[in-house]
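In the working numbering, the protein residues as written are -18 to 167.
Note that beta-carbon positions come from the ideal geometry of N, C-alpha and C, so glycine has one too.
Take a look at the structure below.
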Amino acid sequence: MVQRVVCLLLPVSLVVCSCQSKEQSTSQSQGGGKMEIKLTSKAFKEGATIPKQYTCDGKDVSPPLEWDKTPDGTKSLALICDDPDAPMGTWVHWVVYNLPAHAKKLAAAIPPKDKLPNSAVQGTNDFHKIGYGGPCPPRGTHRYFFKLYALDTALDLKPGATKTQLEIAMEGHVVGRGQLIGRYSR
């Protein structure tokens, strides 16, 4: 009886351990266990509604974002905004990388240009455009995750990179992370 229980539990424990290792690895590559950075906006509070002017129902301009101290050794910053509640899977609204390490904010209404004056570069969103594309859900309430990453290197990515390309380039270089969630309904 004991032998049967051990034989049955061994495969189950291997599967559980395997899943935990993958989950921990994914978490670490995305900034898990790294220094937390407080990311805020003067336009909306954590978990609150994103004002109309920052959506497709308004001016569709990027909201102002601010963050506190970044970890020692930070060489650049990256930002991703996405909507995990989109009907066809996560929808990417904004990709920015190579923000200077000393930067502490992004002003509202960042222009849709691939290269910004502060050496930052914008990527391609899922609207197939460079820069910010605001919330524009088909219906219902969606969550929008603004994720800031502190990196120990500047990234060798051309303008217009996608979220996937950015995440691959960031792997192993994340030293801190911050997140702000806003909501929007139509």
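(Q) Please list the terminal residues of the continuous beta strand (DSSP E) segment that includes Ala131. (A) Residue 131 sits at position 150 when you count from the first residue of the sequence shown. Looking at the DSSP string, the run of the beta strand (DSSP E) that includes Ala131 is 122 to 132.
Q: Kindly indicate the opening and closing residues of the alpha helix (DSSP H) around Ile149.
A: As a first step, residue 149 is located in the sequence shown; it is residue number 168 there, counting from the start. From DSSP, the alpha helix (DSSP H) with Ile149 extends over 144 to 151.
Q.
With a threshold of 6 Å on Cβ separation, who are the neighbours of Gly115 within its own chain once the five nearest residues in sequence on each side are excluded?
A. What you label residue 115 is simply residue 134 of the sequence shown in a count that begins at 1. Closer than 6 Å at Cβ, skipping near neighbours: Tyr35, Thr36, Cys37, Asp41.
Q: Give the C-beta separation of Ser43 and Leu87 to the nearest angstrom, bearing in mind that I take them to be a contact with Cβ-Cβ under 8 Å.
A: As a working mapping, residue 43 is identified with position 62 in the sequence shown. As a working mapping, residue 87 is identified with position 106 in the sequence shown. The pair is a contact, with the Cβ atoms about 7 Å apart (cut-off 8 Å).
Q | 7 Å CB neighbourhood of Gly54 in its chain, flanking five on each side removed | A | As a working note, residue 54 is residue 73 in the sequence shown. Counting only Cβ-Cβ distances below 7 Å, and skipping sequence neighbours, we find Asp133, Val156.
Q) Exposed or buried, Lys23, counting other C-beta atoms within 10 Å across all chains shown (16 or more means buried)? A) For this step, residue 23 is matched to residue 42 along the sequence shown. Classification of Lys23: exposed, given that the 10 Å Cβ count is below 16.
(Q) Out of Lys26, Val102, Thr51, Gly39, which one is the CA nearest neighbour of Arg158? (A) As a first step, residue 158 is located in the sequence shown; it is residue number 177 there, counting from the start. Per the Cα distances, Thr51.
Q. Per DSSP, Gln160 is paired with what?
A. Indexing the sequence shown from 1 puts residue 160 at position 179. DSSP lists Lys128 as partners of Gln160.
Q: Taking only beta-carbon positions, decide if Pro140 is within less than 8 Å of chain D.
A: The structure shown has no chain D; it contains just one protein chain.
Q.
Among Tyr125, Glu27, Met16, Trp75, whose alpha-carbon lies nearest the alpha-carbon of Asp107?
A. Numbered from its first residue, the sequence shown carries residue 107 at position 126. Looking at the Cα atoms, Trp75 is the closest of the given residues.
Q: Name, in chain order, the residues that DSSP records as bridge partners for Ala59.
A: Within the sequence shown, numbered from 1, the residue matching residue 59 stands at position 78. Its beta-bridge partners are Tyr130.
(Q) I'd like to confirm the pairing. Which residues does DSSP put opposite Pro81 in its beta bridges? (A) Here residue 81 is taken as the residue at index 100 of the sequence shown, counted from 1. Paired residues: Ser57.
Q: Within its chain, find whatever has a CB closer than 8 Å to the CB of Ala90; leave out the 5 residues flanking it on each side and keep chain order.
A: Within the sequence shown, numbered from 1, the residue matching residue 90 stands at position 109. Excluding positions up to five away in sequence, the list reads Lys40, Val42, Ser43.
Q: Could you check if His109 is buried or exposed, using at least 16 other CB atoms within 10 Å of its CB as the buried criterion?
A: Start at 1 with the first residue of the sequence shown, and residue 109 comes out as number 128. Classification of His109: exposed, given that the 10 Å Cβ count is below 16.
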